[in-house]
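Residue numbers (the UniProt record's numbering): 1 to 824.
Beta carbons are placed, not taken as given, at the ideal position from N, Cα and C, and that holds for glycine.
Right, one structure below, let's go through it.
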Amino acid sequence: MQRQLALEVIVTLSETAAAMLRKHTSIVAQAIPQMLTMMVDLEDDDDWSNADELDDDDFDSNAVAGESALDRMACGLGGKIVLPMIKEHIMQMLQNPDWKYRHAGLMALSAIGEGCHQQMEGILNEMVNFVLLFLQDPHPRVRYAACNAIGQMATDFAPAFQKKFHEKVIASLLRTMADQANPRVQAHAAAALINFTEDCPKSLLVPYLDNLVKHLHSTMVVKLQELIQKGTKLVLEQVVTSIASVADTAEEKFVPYYDMFMPLLKNIVESAVQKELRLLRGKTIECISLIGLAVGKEKFMQDASDVMQLLLKTQTDFSELEDDDPQISYMISAWARMCKILGKEFQQYLPVVMGPLMKTASIKPEVALLDTQDMENMGDDDGWEFVNLGDQQSFGIKTAGLEEKATACQMLVCYAKELKEGFVEYTEQVVKLMVPLLKFYFHDGVRVAAAESMPLLLECARVRGPEYLTQMWHFMCDALIKGIGTEPDSDVLSEIMHSFAKCIEVMGDGCLNNEHFEELGGILKSKLEEHFKNQELRQVKRQDEDYDEQVEESLQDEDDNDVYILTKVADILHSIFSSYKEKVLPWFEQLLPLIVNLICPHRPWPDRQWGLCIFDDVIEHCSPTSFKYAECFLRPLIQSICDSSPEVRQAAAYGVGVMAQFGGDNYRPFCTEALPLLVGVIQAPDSKTKENVNATENCISAVGKIMKYRPDCINVDEVLPHWLSWLPLHEDKEEAVHTFNLLCDLLESNNPIVLGPNNSNLPRIFSIIADGGVHESIKNEDLCGKRLANVVRQVQASGGLFTECVSQLNPVQQKALQDLLSAA
């Protein structure tokens with residue numbers, strides 16, 4: 001135990017003072033072999049291979065402590081330090097005749113993958129080839145460790161791992177799954193296969209489906225027999241989950257194999273009723289629902305009624321299930337998938353489903369405040385986690401049920417999203433549950449689900465009329481605003497901010513009173529001030545004596561987090577401007593100096609991008625009054641059209657477009673000034689590269705909007721042929737609609753420049769329209785799609801000209817044109 005405590009000191013230093021420890025590599029170099037030696041401390045166990053119940057790892061054992069320490073140290077110090085120090089040790093261990101060393105070497109490789117990610121990517125090829133050899137090691141526990149390493153690498157290096165090694169890995173794992181004499185190894189090979197398929201691109205997996213399904217089916221049949229004869233279930237549990245994972249990735253490509261598995265799976269749910277088979281039953285319920293989701297409603301409907309009855313039967317017995325029954329969380333998720341498959345038809349089952357779901361979502365965790373004496377009496381009580389509060393006191397929480405609670409809350413979100421007004425009966429009780437959960441600090445996932453549910457529940461409640469909707473919003477609003485002000489976790493905070501913005505969009509003008517605005521203004525102001533302060537602190541850290549590459553990486557991560565919160569500030573302002581228009585400008589003035597600061601030339605490009613986006617909203621929704629603030633943003637906006645960052649160029653170009661469309665007469669000279677700058681960006685040699693294309697398309701759209709809304713600012717006849725040559729837009733679907741609508745205006749008015757002498761431009765026009773269909777920039781059923789279809793039909797009526805235009809299109813374009821005509 002002393003050895004573990006001494007190690008804990010060094011590991012904690014690697015997590016809390018990593019930059020300092022990286023300068024004292026001799027300490028790390030001494031600690032790593034100690035951890036590896038601890039990992040060799042394993043016992044021979046003749047029954048290991050056939051054990052059907054997996055005991056939880058003994059967390060006090062040296063092997064587990066060593067592995068955990070290695071994982072944490074690699075994450076703390078990074079691969080640049082750890083990998084060169086450990087690589088040779090691992091290589092030697094893997095060549096040791098004693099299985100314990102080979103086992104420890106492979107487990108060490110699994111442990112360092114996350115922390116040494118960048119450095120291991122370069123040597124992944126040799127590592128994978130080497131590890132695959134150990135799937136044929138004479139000792140089953142080494143083969144198990146090799147499965148573990150493959151599974152871990154499949155997760156840590158996805159999807160590059162799957163793309164590079166799919167052939168070797170799938171073949172090796174399927175071979176290992178056939179190891180009937182060692183069920184523990186079989187089960188772990190199936191577990192590694194799950195890791196592999198979860199992150200495998202569908203197109204890569206499809207060619208292996210026949211082979212995968214054949215192996216999984218034959219293993220399943222054998223293991224079902226063993227379940228009946230011997231009561232063993234470990235491998236079957238993993239195989240069922242492997243099938244679910246393959247179906248989940250393959251989606252509709254799994255349809256041909258559906259009938260092979262569904263009867264067997266239904267049979268397991270029907271017959272596996274003993275207490276020791278609860279986990280198998282839960283996993284099978286999960287598998288059935290994932291297969292149903294993969295193959296789609298049409299194929300699944302033949303079994304939907306049976307499956308619903310099986311689920312209902314389990315649900316009716318729910319009151320008899322113990323609180324820690326693993327079936328509960330599987331059931332809750334399965335219901336939500338059934339809801340996605342059945343859509344509105346699922347509504348009839350809500351009365352049965354909602355009771356247990358609300359019960360699980362309402363779980364209250366046990367908590368305790370303990371002094372040192374109480375802590376000693378607690379010992380290693382199962383399922384409690386403690387935080388030392390100092391002053392000889394600890395705060396304890398029983399974690400059992402927290403994951404289930406989070407899952408249940410997420411499923412309520414799913415029902416609200418899928419069923420909309422069909423969920424209206426339950427909105428009141430769900431809102432009363434969810435609003436207080438915005439402060440449920442024991443689990444981030446619960447708070448995220450609570451936030452996510454708010455705008456969806458408002459959508460559900462809309463059907464009951466404005467009064468009911470407003471009452472519900474009043475119940476939520478204060479809690480959401482307070483959540484934005486107090487939420488400590490940035491991921492959860494961004495979700496609450498996003499949710500609040502969506503709620504304002506649903507509720508519209510008048511949903512916030514003066515007190516709300518006052519509180520929100522103060523909070524947004526402090527978020528922006530914090531943003532600038534954090535940037536300054538990061539600059540200070542860059543001057544620190546312990547500053548190195550690893551520190552820079554973590555500073556970049558912090559910066560990304562801050563920028564993400566900034567995007568959510570912009571989202572909230574967007575929803576307020578779009579709902580309240582110019583009425584909100586006096587309130588906005590308290591934030592104005594901070595937003596102006598964002599667009600200063602010396603600021604990082606994400607600041608300038610999002611600052612401009614906020615001013616774009618001011619122009620779009622608050623004009624012509626917005627011109628009052630023009631001196632704050634117009635000069636930087638015009639200059640940003642040619643910025644070196646494409647994201648900034650895009651925001652600036654969009655601003656010019658809305659200036660032309662909504663700005664009013666005061667903006668006219670600035671539209672004239674912007675035109676040559678926009679054209680310069682569009683005509684740059686690299687304007688259509690992947691990173692530049694969105695900015696370029698916004699420039700093209702802005703030119704179109706100037707021609708349409710401010711024709712007196714420019715020489716339209718001169719610009720129009722150029723604009724036509726830049727069409728169509730492929731990437732920015734919203735701006736594509738603006739350009740196609742302008743094209744319709746010009747064609748419907750028989751503009752001679754667009755049509756060309758003797759309609760000579762029509763083949764080009766047809767090509768633009770067809771390309772719009774190919775790239776899904778035109779929605780055939782929308783008004784714009786219908787207008788374009790009418791243009792094509794008018795030409796169709798003229799016979800020969802239509803044939804000539806269509807003959808110049810390739811087959812894909814011709815099909816897109818045909819689809820447009822038949823749909824619109």
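**Request:** For the beta strand (DSSP E) holding Gln-348, just list the boundary residues, first then last.
**Result:** Locating residue 348 in the sequence shown gives position 348, where the first residue counts as 1. That residue, Gln-348, is in no beta strand (DSSP E); it is neither H nor E in DSSP.
**Given 8 Å, three or more beta-carbon pairs between the region 619-631 and the region 558-567** = They do not touch, by the three-pair rule.
**Message:** So, under 8 Å CB-CB, Ala-416 and Leu-456 are touching, yes? Tell me the CB distance rounded to an integer number of Å.
**Reply:** Locating residue 416 in the sequence shown gives position 416, counting from the first residue. Locating residue 456 in the sequence shown gives position 456, counting from the first residue. Rounded, the Cβ-Cβ distance is 4 Å, consistent with contact.
**Prompt:** Candidates Leu-637, Leu-591, Ser-578: which alpha carbon is nearest Cys-600's?
**Reply:** Within the sequence shown, numbered from 1, the residue matching residue 600 stands at position 600. Cα-wise, what sits closest to Cys-600 is Leu-637.
**Message:** Quick check: the Cα distance between Val-774 and Asn-810, rounded to an integer number of angstroms?
**Reply:** Translated into positions along the sequence shown, residue 774 becomes position 774. Translated into positions along the sequence shown, residue 810 becomes position 810. Answer to the nearest angstrom: the Cα atoms are 11 Å apart.
**Message:** I need the DSSP call for Lys-576, collapsed to helix, strand or coil.
**Reply:** For the purposes of this step, residue 576 is taken as residue 576 along the sequence shown, with counting starting at 1. In the sequence as presented, Lys is not what sits at residue 576; that position holds Ile. Ile-576 falls in the helix class under three-state DSSP.
**Rounded C-alpha distance that separates Tyr-349 from Leu-357** = By one-based count along the sequence shown, residue 349 stands at place 349. By one-based count along the sequence shown, residue 357 stands at place 357. Answer to the nearest angstrom: the Cα atoms are 12 Å apart.
**Prompt:** For Phe-633, which three-state DSSP category applies?
**Reply:** For the purposes of this step, residue 633 is taken as the residue at position 633 of the sequence shown. Residue state, collapsed to three classes: helix.
**Message:** If distances are taken between C-alpha atoms only, which option among Thr-197, Lys-275, Lys-439, Asn-267 comes closest to Ile-243?
**Reply:** Reading the sequence shown from its first residue, position 243 is the one you call residue 243. If we check each option's Cα against that of Ile-243, Thr-197 comes out closest.
**Prompt:** Should Ala-684 and Ala-653 be called a contact, given that it needs their Cβ atoms to be closer than 8 Å?
**Reply:** Position 684 of the sequence shown, counted from the first residue, corresponds to residue 684. Position 653 of the sequence shown, counted from the first residue, corresponds to residue 653. No, they are not a contact pair.
**Message:** Just verifying my parser: in three-state terms, what is the DSSP assignment at Gln-543?
**Reply:** Here residue 543 refers to the residue found at position 543 of the sequence shown. DSSP, reduced to helix, strand and coil, places Gln-543 outside both helices and strands of the structure shown, so it counts as coil.
**Message:** Using the three-state DSSP reduction, which class does Ile-484 fall into: helix, strand or coil?
**Reply:** Counted from its first residue, the sequence shown places residue 484 at position 484. Residue state, collapsed to three classes: helix.
**Prompt:** In chain order, what residues of the same chain lie with their CB nearer than 8 Å to the CB of Cys-116, ignoring the 5 residues before and after it?
**Reply:** The residue given as residue 116 occupies position 116 in the sequence shown. Excluding positions up to five away in sequence, the list reads Ala-74, Gly-78, Gly-79, Val-82, Leu-83.
**Beta bridge counterpart(s) of residue 849 as assigned by DSSP** = The structure shown does not extend to residue 849, since the chain spans only 1 to 824, so no value can be given for it.
**Item:** Reference Met-354; option with closest CA among Pro-365, Phe-532, Ala-406, Val-430
**Value:** Walking along the sequence shown from the start, residue 354 turns up at place 354. Relative to Met-354, the option among Pro-365, Phe-532, Ala-406, Val-430 whose CA is nearest is Val-430.
**Request:** Thinking Asp-717 and Ile-769 are a contact (beta carbons under 8 Å), I'd like their distance in whole angstroms, please.
**Result:** For the purposes of this step, residue 717 is identified with residue 717 of the sequence shown, where counting begins at 1. For the purposes of this step, residue 769 is identified with residue 769 of the sequence shown, where counting begins at 1. With a Cβ gap of about 23 Å, Asp-717 and Ile-769 do not count as contacting.
**Item:** Best match in Gly-401, Arg-447, Ser-245 for proximity to Val-413 [C-alpha to C-alpha]
**Value:** One-based indexing of the sequence shown puts residue 413 at position 413. Here the closest residue by C-alpha is Arg-447.
**Request:** Could you tell me if Asn-148 is buried or exposed, where buried requires 16 or more neighbouring beta carbons within 10 angstroms of its beta carbon?
**Result:** One-based indexing of the sequence shown puts residue 148 at position 148. In this structure Asn-148 is buried. Its beta-carbon is surrounded by 16 or more other beta-carbon atoms within 10 angstroms.
**Where the alpha helix (DSSP H) through Ser-203 begins and ends** = On the sequence shown, residue 203 is found 203 positions in, with the first residue counted as 1. Looking at the DSSP string, the run of the alpha helix (DSSP H) that includes Ser-203 is 202-205.
**Message:** If you measure between the beta carbons of Thr-672 and Ile-682, is that distance less than 8 Å?
**Reply:** In the sequence shown, counting from the first residue as 1, residue 672 sits at position 672. In the sequence shown, counting from the first residue as 1, residue 682 sits at position 682. No, Cβ-Cβ distance for Thr-672 and Ile-682 is not below 8 Å.
**Message:** According to DSSP, simplified to helix, strand and coil, what is Ile-641?
**Reply:** Within the sequence shown, residue 641 is the residue found at index 641, counting from 1. DSSP, read as helix, strand or coil, puts Ile-641 in coil.
**Item:** Residue interval of the alpha helix (DSSP H) (run including His-24)
**Value:** Sequence index remark: in the sequence shown, residue 24 carries index 24 (1-based). Bounds of any alpha helix (DSSP H) do not take in His-24, whose DSSP letter is neither H nor E.
**Boundaries of the alpha helix (DSSP H) in which Lys-581 is found, first to last residue** = Walking along the sequence shown from the start, residue 581 turns up at place 581. Neither: Lys-581 is in no alpha helix (DSSP H) and is coded neither H nor E.
**Asked** Nearest CA to the CA of residue 833: which residue from Met-120, Phe-662, Asp-732?
**Response** Outside the shown range of the chain (1 to 824) lies residue 833, about which nothing can therefore be said.
**Stretch-stretch touch, CB-based, cutoff 8 Å, three pairs: the region 165-182 with the region 201-218** = Under the three-pair Cβ rule at 8 Å, the region 165-182 counts as touching the region 201-218.
**Message:** Considering only the alpha carbon of each residue, which of Val-64, Met-20, Asp-44 lies closest to Thr-37?
**Reply:** By one-based count along the sequence shown, residue 37 stands at place 37. Nearest of Val-64, Met-20, Asp-44 to Thr-37, Cα basis: Val-64.
**Request:** Give me the Cα-Cα distance between Ala-461 and Gln-347, rounded to the nearest whole angstrom.
**Result:** Within the sequence shown, the letter at position 461 stands for residue 461. Within the sequence shown, the letter at position 347 stands for residue 347. Taking the straight line joining both Cα atoms gives about 15 Å.
**7 Å Cβ shell around Asp-324 - same chain, five flanking residues per side excluded** = Against the sequence shown, residue 324 aligns to sequence position 324. Ala-400.
**Prompt:** Which value, in whole angstroms, describes the spacing of the CA atoms of Gly-483 and Phe-517?
**Reply:** Locating residue 483 in the sequence shown gives position 483, where the first residue counts as 1. Locating residue 517 in the sequence shown gives position 517, where the first residue counts as 1. One C-alpha to the other measures close to 15 Å.
**Message:** Quick check: what's the CA-CA separation for Asp-46 versus Gln-238?
**Reply:** Within the sequence shown, residue 46 is the residue found at index 46, counting from 1. Within the sequence shown, residue 238 is the residue found at index 238, counting from 1. Each residue's Cα considered, the two are about 23 Å apart.
**Request:** To the nearest angstrom, report how far apart Gln-471 and Ile-285 are at their CA atoms.
**Result:** Within the sequence shown, residue 471 is the residue found at index 471, counting from 1. Within the sequence shown, residue 285 is the residue found at index 285, counting from 1. If you take the alpha carbons of Gln-471 and Ile-285, they lie about 39 Å apart.
**Beta-carbon gap between Lys-340 and Glu-418 smaller than 8 Å** = On the sequence shown, position 340 is the one that residue 340 refers to. On the sequence shown, position 418 is the one that residue 418 refers to. Closer than 8 Å, so yes.
**Prompt:** What residues in its chain sit with their C-beta under 6 Å from that of Phe-161, if we drop five residues either side in the sequence?
**Reply:** Position 161 of the sequence shown, counting from 1, holds the residue named residue 161. Result list for Phe-161: Met-153, Ala-154, in chain order.
**Asked** Can you check whether the CB of Cys-287 is closer than 8 Å to the CB of Leu-264?
**Response** Here the question's residue 264 lines up with position 264 in the sequence shown. Here the question's residue 287 lines up with position 287 in the sequence shown. For the pair Leu-264 and Cys-287, the CB atoms are not nearer than the 8 Å cut-off.
**Request:** Starting from the Cα of Ser-305, find the closest Cα among Arg-278, Ile-328, Met-338 and give me that residue.
**Result:** Your numbering for residue 305 matches position 305 in the sequence shown. Ranked by how close their Cα comes to the Cα of Ser-305, the residues Arg-278, Ile-328, Met-338 have Met-338 in first place.
**Request:** Using three-state DSSP, classify Pro-84 as helix, strand or coil.
**Result:** In the sequence shown, the residue the question calls residue 84 occupies position 84. Helix at Pro-84.
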